[in-house]
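Line by line, the protein sequences are chains A and B. Per our numbering, residue 1 is the first one in the first sequence, and the count goes up by one each step. Per our numbering, residue 1 is the first one in the second sequence, and the count goes up by one each step. Every residue gets a Cβ at the ideal spot worked out from N, C-alpha and C, and that includes glycine. Note that the structure is a prediction, hence the values are computed from the model and not measured.
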Amino acid sequence: MKFAVIQFPGSNCDQDCLYVLRDILKQEAVLLWHDSADLQNADCIILPGGFSYGDYLRTGACAARSPIMKAVSAFADRGGLVLGICNGFQILCEAGLLPGVLMRNKNLKFICDDCSLTLERTDTPFTARYKPGAKIDMPIAHMDGNYYIDDAGLKRLEKNNQIVFRYANNPNGAKADIAGIINEKGNVLGLMPHPERASEEVLGGKEGLELFQSIILSLRA
Amino acid sequence: MSTLTKDEHQRVVKAIGREPNAIESGIFTVMWSEHCCYKSSKRYLKQFPTTGSRVLLGPGENAGILDIGDGIAIAFKIESHNHPSFIEPYQGAATGVGGILRDIFTMGARPVALMDSLHFGERSHPRTQYLLDGVVSGIGGYGNCMGIPTIGGETHFQECYNGNILVNAFALGVMRSNKIFKGIAKGVGNPVILVGSKTGRDGIHGASMASGAFDADSQSKRPTVQVGDPFTEKKLMEACLEAFQIEGAIIGIQDMGAAGFTCSSFEMSARADTGMVLHLDKIPLRETGMTPYEIMLSESQERMLLVAPKGREAELKKVFEKWELEFAVVGEVIAEKKVQGFFNGEKVFELPVKPVTDEAPIYERAVASPQNGRGLSPLGPIPPMLHPRTYQDDEKFIWSQYDHMVGANTIVGPGADAAVIRIRENGALIAMTVDSKARWCFADPYWGAVHTVAEAARNLSCVGALPIGVTDCLNFGNPENPEIMWELAECCRGLAEACRRFETPVTGGNVSLYNETEGKSIWPTPVVAMVGLLPVGVNPVTSEFKEDGDLIYKIGLVTGDQGLEKTIPPLDWDLELKVQTFCREAIAKGLLQSAHDDPEIPSQIVVSLKPENETKFVALAHTNQCPLTKKGVVVPGTKY
Numbered sequence: 001m002k003f004a005v006i007q008f009p010g011s012n013c014d015q016d017c018l019y020v021l022r023d024i025l026k027q028e029a030v031l032l033w034h035d036s037a038d039l040q041n042a043d044c045i046i047l048p049g050g051f052s053y054g055d056y057l058r059t060g061a062c063a064a065r066s067p068i069m070k071a072v073s074a075f076a077d078r079g080g081l082v083l084g085i086c087n088g089f090q091i092l093c094e095a096g097l098l099p100g101v102l103m104r105n106k107n108l109k110f111i112c113d114d115c116s117l118t119l120e121r122t123d124t125p126f127t128a129r130y131k132p133g134a135k136i137d138m139p140i141a142h143m144d145g146n147y148y149i150d151d152a153g154l155k156r157l158e159k160n161n162q163i164v165f166r167y168a169n170n171p172n173g174a175k176a177d178i179a180g181i182i183n184e185k186g187n188v189l190g191l192m193p194h195p196e197r198a199s200e201e202v203l204g205g206k207e208g209l210e211l212f213q214s215i216i217l218s219l220r221a
Numbered sequence: 001m002s003t004l005t006k007d008e009h010q011r012v013v014k015a016i017g018r019e020p021n022a023i024e025s026g027i028f029t030v031m032w033s034e035h036c037c038y039k040s041s042k043r044y045l046k047q048f049p050t051t052g053s054r055v056l057l058g059p060g061e062n063a064g065i066l067d068i069g070d071g072i073a074i075a076f077k078i079e080s081h082n083h084p085s086f087i088e089p090y091q092g093a094a095t096g097v098g099g100i101l102r103d104i105f106t107m108g109a110r111p112v113a114l115m116d117s118l119h120f121g122e123r124s125h126p127r128t129q130y131l132l133d134g135v136v137s138g139i140g141g142y143g144n145c146m147g148i149p150t151i152g153g154e155t156h157f158q159e160c161y162n163g164n165i166l167v168n169a170f171a172l173g174v175m176r177s178n179k180i181f182k183g184i185a186k187g188v189g190n191p192v193i194l195v196g197s198k199t200g201r202d203g204i205h206g207a208s209m210a211s212g213a214f215d216a217d218s219q220s221k222r223p224t225v226q227v228g229d230p231f232t233e234k235k236l237m238e239a240c241l242e243a244f245q246i247e248g249a250i251i252g253i254q255d256m257g258a259a260g261f262t263c264s265s266f267e268m269s270a271r272a273d274t275g276m277v278l279h280l281d282k283i284p285l286r287e288t289g290m291t292p293y294e295i296m297l298s299e300s301q302e303r304m305l306l307v308a309p310k311g312r313e314a315e316l317k318k319v320f321e322k323w324e325l326e327f328a329v330v331g332e333v334i335a336e337k338k339v340q341g342f343f344n345g346e347k348v349f350e351l352p353v354k355p356v357t358d359e360a361p362i363y364e365r366a367v368a369s370p371q372n373g374r375g376l377s378p379l380g381p382i383p384p385m386l387h388p389r390t391y392q393d394d395e396k397f398i399w400s401q402y403d404h405m406v407g408a409n410t411i412v413g414p415g416a417d418a419a420v421i422r423i424r425e426n427g428a429l430i431a432m433t434v435d436s437k438a439r440w441c442f443a444d445p446y447w448g449a450v451h452t453v454a455e456a457a458r459n460l461s462c463v464g465a466l467p468i469g470v471t472d473c474l475n476f477g478n479p480e481n482p483e484i485m486w487e488l489a490e491c492c493r494g495l496a497e498a499c500r501r502f503e504t505p506v507t508g509g510n511v512s513l514y515n516e517t518e519g520k521s522i523w524p525t526p527v528v529a530m531v532g533l534l535p536v537g538v539n540p541v542t543s544e545f546k547e548d549g550d551l552i553y554k555i556g557l558v559t560g561d562q563g564l565e566k567t568i569p570p571l572d573w574d575l576e577l578k579v580q581t582f583c584r585e586a587i588a589k590g591l592l593q594s595a596h597d598d599p600e601i602p603s604q605i606v607v608s609l610k611p612e613n614e615t616k617f618v619a620l621a622h623t624n625q626c627p628l629t630k631k632g633v634v635v636p637g638t639k640y
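Here's what the structure looks like:
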């Protein structure tokens, strides 16, 4: 089993993801540089948080058009597991792998805070280890986490059961309190909160770790 | 904007034996500016203790370095960006963060934490909210993008900062103790290489702007403020850290901050006792038509100057190109101790190194204590720095805009007595705090400065960390005013004495003078950033009460609860040290649930503990000869 974390020049949570995968979960994990198209036979691709190419344009807009994202799209089409965290979620939306878009936070400011989430689904490869309906604490840290989708799109998300995480107390104005969604096929997950920052008791909790453990579980199956 | 005085000009003529041309005059102006050469403060800084068993590198380089064991060291420094932040708060604060981060990674360290000390004008002043908004989002905008957590800091509001806000940024990095990089231009014939951003017209004369007082036209100085690009700096940081890993490929490196190309080329030459030939037309430019004068004085951000062994250029170039950065060989090291600049084949300046770097005038400015003293009573009660309720609102407003968790090493984040970060390389826990007591320093600069250091040390002791070093930022008014010089002299005397007593060497810092607008100076505001180390295996303690039924004790004397009403009390050195030592020992033994001090009351810490630990706790206090008072029991809703 092999994880790959994509490294854009402005990624800044890539090392944190690697740390959780390698040091805490003892998994094989590699970094993939943004201008390559070789996914090195990874079983799960992680798009980490950060500022990919500076995000001076709309966040994730440039990264969605990078060489590696073409490979990631093809990988996702083949059913490969793709996890986008924060900036990674923004990139997945910009790349069209997930519906909707992340807009600037409602208060127009960067928000870094602890966050309480409600889990809507435990039947995904990313959430199988959680208890149904669990309350999960994971921090957020973003300027553009205000998820938007039009009403028809929202209906579709709800009908297909694609909403995986909702904020207990909506911090950023996201539509329908959406913190994380999955694609229809169920192999691409994007979320604004940072599971890799909630993977050790000493950092205040490890409820994010179960997300990575869920992936390992489903890849083993 | 300050320029060379008549006397200074004469000094230049004497040093180089002729009239300087316009570029040369510009070089002297910035290098001899207060910001770059500390001409008013140098003689007072000399008294700071700068040595100790952990000190690997003291003042004089981009950042000081302390050994924390296991072959690991920490580099840290605090710097001001006051003047630019007042003129253009977002970019001023952002580039303040950018500058201090470059100071850290230029040493070979990976930055892992930021803190800041902010002083704004009174809450009701029409510009305060604008400045607060801009500064906070500027700090966040830069640090968040770089992926360096901002884990601590302090914010004050007071009328004396209405026309001169203070923005001091602190950064700390981690490195191998045997891989320290310095700004030296060694090895005749070696290439001088500029990496990072292109050079533009921004920030020209920033250093000399920062060395002058403000007047009604300060808004017109906006073009002297640099513009930050954190994405490029992130790439520059990663590229430099990657290049440092190539054995022997970098001989010397220096960040191009204040006075940009001028400062880095002259200082690197001075440290190696060499010189440089520079080809200014080889520098990648952001716009056409830039003159050699503008190129030498540009303060464009995100640039570094490095010297490599001849023949290693290609290896380095590969790294910087991977990170999509400029890489230009712009000159070479020469034996002759002078820096020569050529532009399109024509020599445009030539100056001997030493007069520029080492022969800047040192002023013995007039010092005069205020006639009637500064006791608080003759002035009436000095208004408090801020209203506590407002402060908490502001705190949340500020902290939530900083990513304080990126890096996944923040053990104790913002809002605590001291922040604590884990050093993953060896598992060590480093505590840090940044403190100032301007109101106390105004009333009594000597004791105020002493109390500032004591409070910083107490904050570290409250989380269980042993203080090991200090970096300071001295923010004062106009040094040409003898009373301001008295404040500076007294504060330095206090800082030096206190740093000796707490055994916290000063490893570097920064002086910001001319914090004066239309004749009104700020209060003397020495800001102390102190770093501490937790013993192996000890968990840091935080300030809030944990469980109902826990016992509350006050360590130290109960007197002094009234705070300062009449005068600044002298610090009871012996008691303060006892209180702090005992607190640390109790935490190390796992006896405490919480510890917290009140910044207004010296030599006192309020702690809580589980009832079953009371006997051991009281016994330990006796061993340490530390006075104790039992204050009660934690019940729901108990607050300090």
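Here's a check: name, in chain order, each residue in its chain whose Cβ is nearer than 7 Å to the Cβ of residue i, leaving out the five neighbours to either side.
i      : result
A:D113 : P139, I140 and P171
A:N169 : S116
B:E547 : Q593 and V634
A:A74  : none
B:P355 : A15 and I16
What is the DSSP secondary structure of residue i, reduced to helix, strand or coil?
i      : result
B:G99  : helix
A:W33  : strand
A:C13  : coil
B:M385 : Confidence at B:M385 is low in this model, with a pLDDT of 45, below 50, so the placement of that residue should be treated as unreliable; the coordinate-derived value is given next. Here B:M385 sits in coil by DSSP.
B:S85  : helix
B:V195 : strand
B:C626 : coil
B:N144 : helix
B:A621 : helix
B:H125 : coil
A:K70  : helix
B:M237 : helix
B:G64  : strand
Pop quiz: residue i and residue j are said to be a contact at Cβ under 8 Å. What is the actual Cβ separation, rounded to whole angstroms?
i      : j      : result
B:S269 : B:L305 : So it is not a contact: roughly 11 Å between Cβ atoms.
B:S603 : B:E585 : Contact doesn't hold; Cβ gap of about 16 Å is too wide.
A:V101 : A:Y53  : At roughly 18 Å, the Cβ-Cβ gap does not stay under 8 Å, so A:V101 and A:Y53 are not in contact.
B:G71  : B:I180 : Incorrect: roughly 12 Å between the Cβ atoms, too far for contact.
B:I411 : A:V202 : 6 Å
B:E299 : B:D202 : 7 Å
A:A37  : A:F3   : About 18 Å; that fails the 8 Å criterion.
A:N105 : A:M143 : 6 Å
B:M290 : B:L101 : The pair is not a contact, with the Cβ atoms about 26 Å apart (cut-off 8 Å).
Going by beta carbon distance, what residues of the same chain come within less than 6 Å of residue i, once the five residues before and after it are set aside?
i      : result
A:M1   : D43 and L219
B:V12  : P20 and F28
B:V511 : Y38, S41 and L474
Would you kindly work out how many angstroms separate the C-alpha atoms of residue i and residue j, rounded to a whole number?
i      : j      : result
B:D572 : B:R500 : 15 Å
B:V135 : B:P126 : 15 Å
B:E287 : B:E294 : 11 Å
B:C441 : B:I601 : 15 Å
B:E483 : B:Q10  : 28 Å
B:K234 : B:I568 : 45 Å
B:V506 : B:L533 : 16 Å
A:E210 : A:F126 : 9 Å
Count the other CB atoms within 10 Å of the CB of residue i; is the residue buried (16 or more) or exposed (fewer)?
i      : result
B:L114 : buried
B:I587 : buried
B:Y446 : buried
B:Q301 : buried
B:W523 : buried
A:G79  : exposed
B:V450 : buried
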